[in-house]
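Engineer: Okay, here's the structure, questions in a sec.
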Amino acid sequence: MSPKHYHFNVTMACSGCSNAVNRVLTKLPGVQNVDISLEKQTVDVTSDLDYDTVLQAISKTGKKVNSGTIVSA
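In the numbering used here, the protein residues as written are 448 to 520.
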């Protein structure tokens with residue numbers, strides 16, 4: 448199964464916010480890469496997991512996910 452690439456727009460106020468999102472995503476089994484831009488308010492994830500699993504993990508940090516797309520599946 449080839450990894451999928453997801454792109455999320457997430458409201459993050461500080462580096463603590465982006466670190467919380469990074470921590471929760473890197474702990475998920477099946478996540479290969481996480482790229483977070485605090486400046487652009489974006490989170491890019493490469494993972495074997497489905498979209499909803501990744502979305503729920505980000506949401507559990509308490510950060511608002513404004514939008515999300517599947518870049519490649």
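Beta carbons: idealized from backbone N, C-alpha and C, even for Gly.
1) Which residues in the same chain have their Cβ closer than 7 Å to the Cβ of Leu485, if we skip the five residues on either side of it in sequence?
2) So Leu496 packs on Leu475, CB below 8 Å; how close in whole Å?
3) What does the alpha-carbon distance come out to for the pair Val478 and Gly515?
4) Starting from Gln503, trace the alpha helix (DSSP H) in both directions and tell me its first and last residue.
5) Quick one: give me the first and last residue of the alpha helix (DSSP H) that Ser484 is part of.
Structural biologist: Reading it off the structure:
1) For Leu485, where only same-chain residues beyond five positions count, the Cβ hits under 7 Å are Met459, Ser462, Ser465.
2) Correct: roughly 6 Å between the Cβ atoms.
3) Straight across, the Cα-Cα distance linking Val478 with Gly515 is about 17 Å.
4) Unbroken alpha helix (DSSP H) run through Gln503: 498-506.
5) Unbroken run through Ser484 is the beta strand (DSSP E), 478-484; no alpha helix (DSSP H).
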